[in-house]
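J.: Each residue of the sequence shown is one higher than the last, beginning at 1430 in the working numbering.
Just dropping this structure here.
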Amino acid sequence: MKGKMGSLFIILIVSILAITALVLTGPFEQPIWMQIVFLFFTSVFAYVTFNKKSKFPFIVLSICSVVTVSSLLISFVS
């Protein structure tokens, strides 16, 4: 249980820092469809690495997914 909470803590902290940078600089410049494709594949890969119990790739892919969702939300709200 301790390892999962540590991973969640890392994902949350790094994601908050990256989302703060996104708010300051603006969303990603790629077209929306490219961001959705990237989000789909990072989410699928994060799910696969979670099932294989690969800790580091899961953390990195989860952060990418959270930041991409945030960029999409910023794009739609702006």
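For every residue, glycine included, the Cβ atom is placed at its ideal position computed from N, Cα and C.
What you are looking at is a predicted structure, and each value in this text was computed from that prediction instead of being measured.
1. What does a CB cutoff of less than 6 Å around Pro-1456 pick up in its chain, not counting 5 residues either side in sequence?
2. Decide yes or no for the touch test of the segment 1483-1491 against the segment 1435-1445: beta carbon pairs closer than 8 Å, at least 3 of them.
3. Is the beta carbon of Thr-1478 less than 8 Å from the beta carbon of Pro-1486?
4. Determine the DSSP secondary structure at Gln-1459, reduced to helix, strand or coil.
5. Can you tell me the Cα-Cα spacing of Ala-1475 and Val-1466, whole angstroms?
T.: Walking through what the data contain:
1. Closer than 6 Å at the Cβ level, and outside the excluded window around Pro-1456, lie Ser-1500, Ile-1503 and Ser-1504.
2. With a cut-off of 8 Å, the segment 1435-1445 and the segment 1483-1491 count as touching, because enough Cβ pairs lie within range.
3. Contact flag set, yes.
4. It is coil, neither helix nor strand.
5. Going from the Cα of Ala-1475 to the Cα of Val-1466 covers about 14 Å.
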